[in-house]
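Here our numbering is used: the first residue of the sequence shown is 305, the next is one more, and so on. What follows is one structure encoded as C-alpha cells, with my remarks underneath.
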Amino acid sequence: ARAAKEEQRAMSELRKPLDGAVVAHRLTHSLRCRPPMAQHVKPGPQTNGRPLASAPGRGLYNLGNTCFANAVVQCLVRAPLLAPLWPTVLEQVECLQKAGHVAELSSMALASELAQLANGLRTADASDPISPDQFILLTRGYFERQGFANSVNAQPHPSGVRVTVTAPQQDAHEFLEWLLDRLDEEQQALLRLADSDAQASAAGDGSQVDATLTTAADDDAWEEVGRKGRSSGPAQRVGGATQGVKARETFVTSVFQGTLRSIVRTVGAKDSVTLQPFMCLQLDMFKPSVRTVEDALELYMSPEMLTGLRTERYPGTEQRGQKLLLFDKLPQVLILHLKRFVFSQQTGSAEKLQKTMGYPAELVLPESYFSAPLSAALQVEAAVLSGQQAASESGPPAPAWGAAASSVPRKFRTYRLFAVCLHRGEHAVRGHYTAFACDAAGTWTEYDDRTARALTSRDILNHPEAYLLFYARENVST
Numbered sequence: 305a306r307a308a309k310e311e312q313r314a315m316s317e318l319r320k321p322l323d324g325a326v327v328a329h330r331l332t333h334s335l336r337c338r339p340p341m342a343q344h345v346k347p348g349p350q351t352n353g354r355p356l357a358s359a360p361g362r363g364l365y366n367l368g369n370t371c372f373a374n375a376v377v378q379c380l381v382r383a384p385l386l387a388p389l390w391p392t393v394l395e396q397v398e399c400l401q402k403a404g405h406v407a408e409l410s411s412m413a414l415a416s417e418l419a420q421l422a423n424g425l426r427t428a429d430a431s432d433p434i435s436p437d438q439f440i441l442l443t444r445g446y447f448e449r450q451g452f453a454n455s456v457n458a459q460p461h462p463s464g465v466r467v468t469v470t471a472p473q474q475d476a477h478e479f480l481e482w483l484l485d486r487l488d489e490e491q492q493a494l495l496r497l498a499d500s501d502a503q504a505s506a507a508g509d510g511s512q513v514d515a516t517l518t519t520a521a522d523d524d525a526w527e528e529v530g531r532k533g534r535s536s537g538p539a540q541r542v543g544g545a546t547q548g549v550k551a552r553e554t555f556v557t558s559v560f561q562g563t564l565r566s567i568v569r570t571v572g573a574k575d576s577v578t579l580q581p582f583m584c585l586q587l588d589m590f591k592p593s594v595r596t597v598e599d600a601l602e603l604y605m606s607p608e609m610l611t612g613l614r615t616e617r618y619p620g621t622e623q624r625g626q627k628l629l630l631f632d633k634l635p636q637v638l639i640l641h642l643k644r645f646v647f648s649q650q651t652g653s654a655e656k657l658q659k660t661m662g663y664p665a666e667l668v669l670p671e672s673y674f675s676a677p678l679s680a681a682l683q684v685e686a687a688v689l690s691g692q693q694a695a696s697e698s699g700p701p702a703p704a705w706g707a708a709a710s711s712v713p714r715k716f717r718t719y720r721l722f723a724v725c726l727h728r729g730e731h732a733v734r735g736h737y738t739a740f741a742c743d744a745a746g747t748w749t750e751y752d753d754r755t756a757r758a759l760t761s762r763d764i765l766n767h768p769e770a771y772l773l774f775y776a777r778e779n780v781s782t
C-alpha cells in the first residue's frame, strides 16, 4: 500500500509541472544553467553509459540524396552550447511519456529525434554509422514545400521503419533554415498548449487569464524588404521606431537568433529604425575584392545608398538616403552563408562560384558593427564580470581593462569556428555535401555521410568549397 501511495504521489508530481510552457522553459533554461561542454571537458564523459567520441565521430547513412541533411545535422549537434540541451530533451520526453502527455510529445517530435541523433553521434563507436530514418521521415514537410510531396517513402522494418528519398539533391542552407524554423515552431506550440490549458482552467474556475501570455503582430505590421531584396520578416512600429515582431523565447531563438538594427536616414526626416531578427547572415562573395569572410562582412555592414524615398516634409519630391546595418543583439551561434550559387544571365540558370574564401578559426567582430545599445550592454556585462558594480542610470562605468570607456573587450566580440558545411562539385544543381565539425575535446572530423575521418585544424581552414560556417560565441565567463 505504501509503495502504491508513493507511486501515486510520484505520478502526481510528474504531471503537475509538465505543461508545455514548463517543458519549453526547461529546454531553454538548460542552456543557461550548464556551461558549454567545449569549455569544461572532463575525462571519460559518458552518454547513456557509452563514452563520448574523441576522434573520429559517427557517420549517417545516406537515404537517397540526403547528404545535405546529414551535413547540416552533423554541424548542428556539435554546437558547444547545445551540448546540455540534448540530454535535457530526452529527459523531458521520458517524463512526458510516463505522464501520458500526448499533445506535448507530438509538439516535440523533431526536437526529440534530433536529440536521439545527437546522443548517438556523440558516442565513440565510429565504425557503426546511424540510419536517420525517423528524422528524415519527420522532414517530409520540407520536401513537400520544395515540390516533392511523395518523395519520402517509409517501409516497416523489424527495427522500426526504413526510409528512402527519391527527391533530387536539396540546398543545405534552405534546409538548415527550415529545420531551425520548425524546431522553433515546435517550442511555440508547446507554449500555446500551455496557454490553452491555462485558459481552460481559468474558464472552469472563473478566474482571469493574463492576456500578455501570447504575443501577436499589431494590425499595422508590414513586411520589410531587407538588404538587396531579401525579406527581413514582419515588422511593427513601436513608438516612432520599428521593431521586429517578437515571439516568445525558445532554445532555438536563445542560441541562434540575433538582431540587426536597420537605420534609414534621409534629409528632412527622422531616422527610420527597424529591428530585424536573423538566424543566418547571407554573405555575397561575387565581387573580386571580397576574398575573406571579413571582407564579406564589411560589405554586408557597409552603408547602402537608397533612391526614390519620399518624406513627409517633401512628399512630392523623391529623396536620396542611406541605409546602415548594425548588430543590436549577438547570437550565441553565428551562422554565415557564403552565397556560392548565383544566377547567370548567359545560361539562364544557377551557377556555382568557384572561389576560395578565407575564414578564420577565431572571428572577431569590429565594435563599429555594433549599435549603441549593444555596445553599452556589453560594457556593463564586462564590468560586472570583472568585479565592478553594474552601470548606474547615467551610463556604464569605465571598464577595468584600461581601454577607453567606449570600447568592448575583444573576448565579448569573439566567435570560434566549430563546424563547416561544404558543397563539393562544380555545378550548382548537383554536387555532394560534407561537413567538418569539432567535438568537445577540440578534435576535428570530416563527415561524409557514413564515413568519418580525423582531420587536423589546418585541414579545415579556407577550404575552397566551404558553404556554411558555424561560429560559437566565446564563453566570456571563463
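Beta carbons are placed, not taken as given, at the ideal position from N, Cα and C, and that holds for glycine. Computed from a prediction, not measured in an experiment: that's the story for all the values here.
Compare the C-alpha of residue i against each of the options and name the closest.
i	options	result
Ser653	Ala732, Met661, Arg486, Arg754	Ala732
Val467	Leu367, Thr760, Pro388, Val556	Leu367
Lys627	Val568, Ala723, Met583	Val568
Ser576	Phe582, Ser566, Ala493	Ser566
Ser416	Thr427, Val556, Val397	Val397
Glu395	Asn423, Leu380, Ala686	Asn423
Ala387	Leu409, Val594, Leu421	Leu421
Arg552	Thr611, Leu613, Glu489	Glu489
Val646	Phe560, Gln586, Glu778, Thr747	Gln586
Arg777	Asp753, Gly735, Ala723	Ala723
Phe740	Ala756, Ser675, Val406, Gly729	Ala756
Pro592	Gln658, Tyr771, Gly445	Gln658
Asn369	Ile440, Leu389, Glu408, Val406	Ile440
Gly451	Thr470, Lys715, Arg486, Ile434	Thr470
Thr557	Thr596, Leu480, Leu484, Val571	Leu484
Gly293	Arg734, Gly735, Leu759, Asp753	The structure shown has nothing for residue 293, since the chain only spans 305 to 782.
Ala676	Ser711, Ala687, Ser690, Gln649	Ser711
Glu448	Pro472, Ser690, Gly729, Glu671	Pro472
Trp482	Pro462, His461, Gly445	Gly445
Thr749	Leu497, Ser463, Arg426, Thr392	Arg426
Gln438	Asn454, Val465, Asp432	Val465
Phe716	Asp743, Glu608, Leu634, Gly691	Leu634
Thr443	Ile434, Phe631, Asn457	Asn457
Which residue comes first and which comes last in the beta strand (DSSP E) that contains residue i?
i	result
Asp752	748-752
Ala458	456-461
Phe582	576-582
Leu585	585-587
Does the CB of residue i have a neighbour CB from chain D at under 9 Å?
i	result
Pro472	No chain D is present in this structure, which holds just one protein chain.
So the alpha helix (DSSP H) residue i belongs to, where does it begin and stop?
i	result
Asp763	761-764
Ser558	555-560
Thr468	Looking at the DSSP string, Thr468 is not in any alpha helix (DSSP H); the run it does join, the beta strand (DSSP E), is 464-469.
Tyr446	444-449
Gln396	389-403
Glu685	676-689
Glu408	406-410
Below 8 Å on the Cβ atoms is my contact criterion, and I expect residue i with residue j to pass it. Report the Cβ-Cβ distance as a whole number of Å.
i	j	result
Leu726	Tyr719	Wrong, their Cβ atoms sit about 19 Å apart, outside the cutoff.
Leu603	Gly625	Contact flag wrong, Cβ pair sits at about 19 Å.
Cys399	Phe774	That belief does not hold up - the Cβ atoms of Cys399 and Phe774 are roughly 30 Å apart, past 8 Å.
Leu640	Met589	About 11 Å separates the two Cβ atoms, so there is no contact after all.
Leu409	Leu487	About 15 Å; that fails the 8 Å criterion.
Thr554	Gln492	7 Å
Ala668	Gln623	First, the amino acid is wrong: residue 668 is Val here, not Ala. 37 Å between Cβ atoms; not a contact.
Tyr751	Gly363	6 Å
Ala419	Val637	Wrong, their Cβ atoms sit about 17 Å apart, outside the cutoff.
Ala407	Leu497	6 Å
So if DSSP puts residue i in a beta bridge, which residue, or which two residues, is it bridged to?
i	result
Phe656	Per the sequence presented here, residue 656 reads as Lys, with Phe not at that position. In the DSSP output, where bridge partners are listed per residue, Lys656 has Phe645.
Gly662	Thr596
Met609	Gln626
Arg714	BP columns for Arg714 are empty, so no partner.
Leu667	Tyr719
Ile639	Phe774
Tyr737	His727
Ala744	Per DSSP, none; premise fails for Ala744.
Ile567	Val577, Leu628
Lys591	Looking at the DSSP assignment, Lys591 forms no beta bridge with any residue, so it has no partner.
Arg757	Glu750
Leu483	Paired residue(s): none; Leu483 is not in a bridge.
Leu364	Ile434
Thr370	According to DSSP, Thr370 bridges with nothing at all.
For the structure I just gave you, are there three or more beta carbon pairs, one from the region 553-564 and one from the region 575-591, closer than 8 Å?
yes
So, does the region 757-767 touch the region 655-667, judging by three or more C-beta pairs under 8 Å? yes
| query | Does the pairing of the region 471-489 with the region 370-387 give three or more beta-carbon distances under 8 Å? | reply | yes
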